[in-house]
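Undergrad: Per the working numbering: the sequence shown = residues 140 to 484.
A virtual CB, placed ideally from N, CA and C, is assigned to each residue, including glycine.
Keep in mind the model is a prediction, meaning the values are calculated, not measured.
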Amino acid sequence: MGRHSRGSGNPVLYGSLATASRRGDRVKPEDDIICFGQIYNNNEMTDYIWVVLAFVSAVCLAASDALTKRSLEGDDEYLAAGFRLIFTLPLLVITLIIIPVPQLDAGFYTAFFIALPIEAITVVLYIKALKESPLSLTMPFLALTPVFLILFSYVLLGEKVSLTGGAGIFLIAAGSYLLNINQVKEGLCQPFRAITKEKGAVYMIMVALLYSITSSLGKMAIGHSSPLFFGAVYFVGLNLVYLPYGLTRGGSGGRTGRRASLREYLASGRYRLQIVPGLFYGAMVLTHMAAMNLTKVAYMVSVKRSSLLISILFGYLFFREENIRDRFLGALLMFIGFVAVVGSQ
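Put into structure tokens, the structure is as follows:
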């Protein structure tokens with residue numbers, strides 16, 4: 140396993156995440172991969188490396204959300220979202236420094252600049268969902284993204300839905316029903332009414348809808364650049380778009396006005412509560428893109444969506460959220476449905 144005689148292709152250095160997304164030097168099936176001094180056949184590496192990276196991405200996302208929700212108690216959600224984004228910058232800027240810049244064209248810029256303002260809107264809705272409602276109730280609604288993605292991926296990318304995808308849609312709908320199954324005793328349609336009463340759930344459904352648009356546009360941009368480059372520059376750009384709004388809009392209900400509230404937030408040191416969530420979020424972006432470069436996107440995203448189940452577990456462990464068994468079953472069905480939908484594409 141340590142010899143370089145087993146592959147028929149060229150050795151590809153894979154000592155860092157950055158080299159996995161170098162345009163023009165993409166890892167091919169016939170290549171061998173040099174990783175931490177060992178040489179492996181590409182097929183052997185991708186059998187498990189992408190799974191590990193995707194799962195790490197899921198854990199990082201769930202941990203970032205749980206820690207952010209805890210910090211939101213008594214804090215302004217706009218400021219919290221802004222500083223969580225700020226603390227993603229160290230990892231993302233380092234990534235941009237060490238990876239080559241791919242050759243960019245009009246296709247990249249078009250997808251990038253359309254997706255970026257939409258992504259900024261999702262930041263606001265996402266953080267509001269975390270603040271307004273239980274973690275175990277809001278996060279599973281992200282599994283609705285593939286339902287909306289069926290339409291937008293067809294319009295933007297020409298992807299069609301199969302029978303398996305239709306079955307996945309049914310499972311997702313059933314799972315969303317079970318999130319509020321404890322309300323059935325008040326009427327068969329009560330769970331659906333409960334969803335509309337939870338502001339956080341409504342916000343997260345809107346996020347899922349917008350994610351289906353940005354995911355399609357992101358796939359277009361990656362096709363005209365490279366996964367790691369796009370992930371890093373996209374979230375650096377998101378900082379530039381969101382922060383002027385978030386840091387001035389935040390604290391509008393403060394005692395001395397918006398700007399004073401920001402000064403108070405900085406003076407109190409509560410911004411430090413977003414350091415760890417921000418680092419986790421930055422790690423999520425990098426591991427997401429690295430995993431996507433090593434396997435089919437549908438496989439990687441399916442594993443990453445285990446963050447839904449991890450979020451429900453965190454909701455119980457850290458916030459003692461109620462009806463966890465009902466919600467876990469609903470989230471599990473939604474996750475299975477998500478796998479079916481993305482796998483069908």
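Thinking C-alpha only, which one of Lys358, Phe453 and Phe368 is nearest Ile233?
TA: Translated into the one-based positions of the sequence shown, residue 233 becomes position 94. Nearest C-alpha to Ile233: Phe368.
Undergrad: Using the three-state DSSP reduction, which class does Met473 fall into: helix, strand or coil?
TA: Locating residue 473 in the sequence shown gives position 334, where the first residue counts as 1. The answer is helix: DSSP assigns Met473 an H, G or I state.
Undergrad: Can you tell me the Cα-Cα spacing of Glu258 and Ser407, whole angstroms?
TA: Indexing the sequence shown from 1 puts residue 258 at position 119. Indexing the sequence shown from 1 puts residue 407 at position 268. Using only the alpha carbons, I get a separation of about 29 angstroms.
Undergrad: Hey, Val561 and Leu471: beta-carbon distance below 8 angstroms or not?
TA: No information on residue 561 is available, as it lies outside the stretch 140 to 484 that the chain covers here.
Undergrad: Checking 8 angstroms against the spacing of the C-beta atoms, do Ser450 and Ala201 come in under that value?
TA: What you label residue 450 is simply residue 311 of the sequence shown in a count that begins at 1. What you label residue 201 is simply residue 62 of the sequence shown in a count that begins at 1. Yes; because the gap between Cβ atoms is below 8 angstroms, this pair is in contact.
Undergrad: Considering Cα atoms alone, identify which of Phe252, Ile260, Leu269 and Ser351 is closest to Leu295.
TA: Against the sequence shown, residue 295 aligns to sequence position 156. Closest by alpha carbon: Ser351.
Undergrad: Return the CA-CA distance between Tyr373 and His427, expressed in angstroms with no decimal places.
TA: Counting from 1 along the sequence shown, the entry for residue 373 is found at position 234. Counting from 1 along the sequence shown, the entry for residue 427 is found at position 288. In a straight line, the C-alpha of Tyr373 is about 13 angstroms away from that of His427.
Undergrad: Give a yes or no on whether the C-beta atoms belonging to Lys208 and Leu269 are separated by under 8 angstroms.
TA: Against the sequence shown, residue 208 aligns to sequence position 69. Against the sequence shown, residue 269 aligns to sequence position 130. In contact: Lys208 and Leu269 (Cβ atoms closer than 8 angstroms).
Undergrad: Could you tell me the alpha carbon to alpha carbon distance between Ala205 and Phe457, rounded to whole angstroms?
TA: Here residue 205 refers to the residue found at position 66 of the sequence shown. Here residue 457 refers to the residue found at position 318 of the sequence shown. Computed Cα separation, rounded: 8 angstroms.
Undergrad: Give the straight-line distance between the Cα atoms of Ile172 and Ala429, rounded to the nearest whole angstrom.
TA: On the sequence shown, residue 172 is found 33 positions in, with the first residue counted as 1. On the sequence shown, residue 429 is found 290 positions in, with the first residue counted as 1. Confidence at Ile172 is low in this model, with a pLDDT of 39, below 50, so the placement of that residue is unreliable and no value is reported for it.
Undergrad: Taking contact to mean at least 3 C-beta pairs separated by less than 8 angstroms, is the segment 407 to 419 in contact with the segment 212 to 231?
TA: Counting Cβ pairs under 8 angstroms, three or more are found: they touch.
Undergrad: Cα separation between Gly357 and Ile260?
TA: As a working note, residue 357 is residue 218 in the sequence shown. As a working note, residue 260 is residue 121 in the sequence shown. Their Cα atoms are separated by approximately 16 angstroms.
Undergrad: Check each candidate in Asp215, Pro279 and Pro241 and name the one with the smallest Cα separation from Gly476.
TA: Mapped onto the sequence shown, residue 476 falls at position 337. When each option's Cα is compared against that of Gly476, the closest is Pro279.
Undergrad: Going by C-alpha to C-alpha distance, which of Phe194, Ser203 and Val286 sits closest to Leu348?
TA: As a working note, residue 348 is residue 209 in the sequence shown. For the residues Phe194, Ser203 and Val286, the minimum Cα distance to Leu348 belongs to Val286.
Undergrad: Would Gly246 count as contacting chain D if we go by Cβ distances under 8 angstroms?
TA: Reference to chain D is not applicable here, since this structure consists of a single protein chain.
Undergrad: Give the DSSP-derived three-state secondary structure of Val240 in the structure shown.
TA: The count along the sequence shown starts at 1 and reaches residue 240 at position 101. Coil.
Undergrad: Could you tell me which of Tyr404, Ala360, Pro366 and Arg459 sits nearest to Thr249, measuring between CA atoms?
TA: Locating residue 249 in the sequence shown gives position 110, where the first residue counts as 1. Residue Ala360 is the option with its Cα nearest to Thr249.
Undergrad: Of the residues Val191, Trp189 and Ser203, which one's Cα is nearest the Cα of Leu447?
TA: Position 308 of the sequence shown holds residue 447. Looking at the Cα atoms, Ser203 is the closest of the given residues.
Undergrad: Can you list, in chain order, the residues of its chain whose CB lies under 6 angstroms from that of Pro229, leaving out five sequence neighbours each side?
TA: Position 90 of the sequence shown, counted from the first residue, corresponds to residue 229. No residues qualify anywhere along the chain.
Undergrad: Would you please state the rounded distance, in angstroms, between the beta carbons of Ser364 and Leu243? I believe it to be under 8 angstroms.
TA: The residue given as residue 364 occupies position 225 in the sequence shown. The residue given as residue 243 occupies position 104 in the sequence shown. That pair is a contact at about 6 angstroms.
Undergrad: One question on the structure: do Gly421 and Leu231 come within less than 8 angstroms of each other, judged by their Cβ atoms?
TA: Residue 421 sits at position 282 when you count from the first residue of the sequence shown. Residue 231 sits at position 92 when you count from the first residue of the sequence shown. Yes. Within cutoff.
Undergrad: Which residue from Ser210, Val198 and Val195 puts its Cα closest to that of Tyr404?
TA: The residue labelled residue 404 in the question sits at position 265 within the sequence shown. Among Ser210, Val198 and Val195, the Cα nearest to that of Tyr404 belongs to Ser210.
Undergrad: How long is the line joining the alpha carbons of Arg236 and Arg459, rounded to whole angstroms?
TA: Start at 1 with the first residue of the sequence shown, and residue 236 comes out as number 97. Start at 1 with the first residue of the sequence shown, and residue 459 comes out as number 320. Arg is not the amino acid found at residue 236; the sequence shown has Ile there. If you take the alpha carbons of Ile236 and Arg459, they lie about 42 angstroms apart.
Undergrad: When you compare the CB positions of Glu271 and Lys338, do they come within less than 8 angstroms of one another, or not?
TA: For the purposes of this step, residue 271 is taken as the residue at position 132 of the sequence shown. For the purposes of this step, residue 338 is taken as the residue at position 199 of the sequence shown. It is a contact, given that the beta carbons lie within the stated cut-off.
Undergrad: If distances are taken between C-alpha atoms only, which option among Val442, Leu276 and Phe252 comes closest to Val375?
TA: Locating residue 375 in the sequence shown gives position 236, counting from the first residue. Checked all of Val442, Leu276 and Phe252; the closest Cα to Val375 is Phe252.
Undergrad: Of the choices Met343, Thr277, Pro366 and Phe419, whose alpha-carbon is the least far from that of Leu433?
TA: Translated into the one-based positions of the sequence shown, residue 433 becomes position 294. Answer by Cα proximity: Pro366.
Undergrad: Have a look at Val424 and Ser196 and give me their C-alpha separation to the nearest angstrom.
TA: Looking up residue 424 in the sequence shown gives position 285. Looking up residue 196 in the sequence shown gives position 57. Computed Cα separation, rounded: 7 angstroms.
Undergrad: Is Glu212 helix, strand or coil when you go by DSSP?
TA: Here residue 212 refers to the residue found at position 73 of the sequence shown. Of the three classes helix, strand and coil, the one that applies to Glu212 here is coil, per DSSP.
Undergrad: Taking the C-alpha atoms as reference points, what is the distance between Asp164 and Phe309?
TA: Counted from its first residue, the sequence shown places residue 164 at position 25. Counted from its first residue, the sequence shown places residue 309 at position 170. Unreliable placement is indicated for Asp164, whose pLDDT of 45 sits below 50; the coordinate value is still reported in the next sentence. Their Cα atoms are separated by approximately 41 angstroms.
Undergrad: Closest by CA to Ile344, which one among Phe467, Tyr381, Ile238 and Thr284?
TA: Position 205 of the sequence shown, counting from 1, holds the residue named residue 344. That would be Thr284, whose Cα lies nearest to the Cα of Ile344.
Undergrad: Are the CB atoms of Val190 and Val442 within a distance shorter than 8 angstroms?
TA: In the sequence shown, counting from the first residue as 1, residue 442 sits at position 303. In the sequence shown, counting from the first residue as 1, residue 190 sits at position 51. Cβ distance < 8 angstroms, so Val442 and Val190 count as in contact.
Undergrad: My assumption, with CB atoms under 8 angstroms, is that Leu468 sits in contact with Leu317. Please give the rounded CB distance.
TA: If you number the sequence shown from 1, residue 468 lands on position 329. If you number the sequence shown from 1, residue 317 lands on position 178. The pair is a contact, with the Cβ atoms about 5 angstroms apart (cut-off 8 angstroms).
Undergrad: If you draw a straight line from the alpha carbon of Val240 to that of Tyr293, how long is it in whole angstroms?
TA: Residue mapping note: residue 240 aligns to position 101 of the sequence shown, counting from 1. Residue mapping note: residue 293 aligns to position 154 of the sequence shown, counting from 1. About 30 angstroms.
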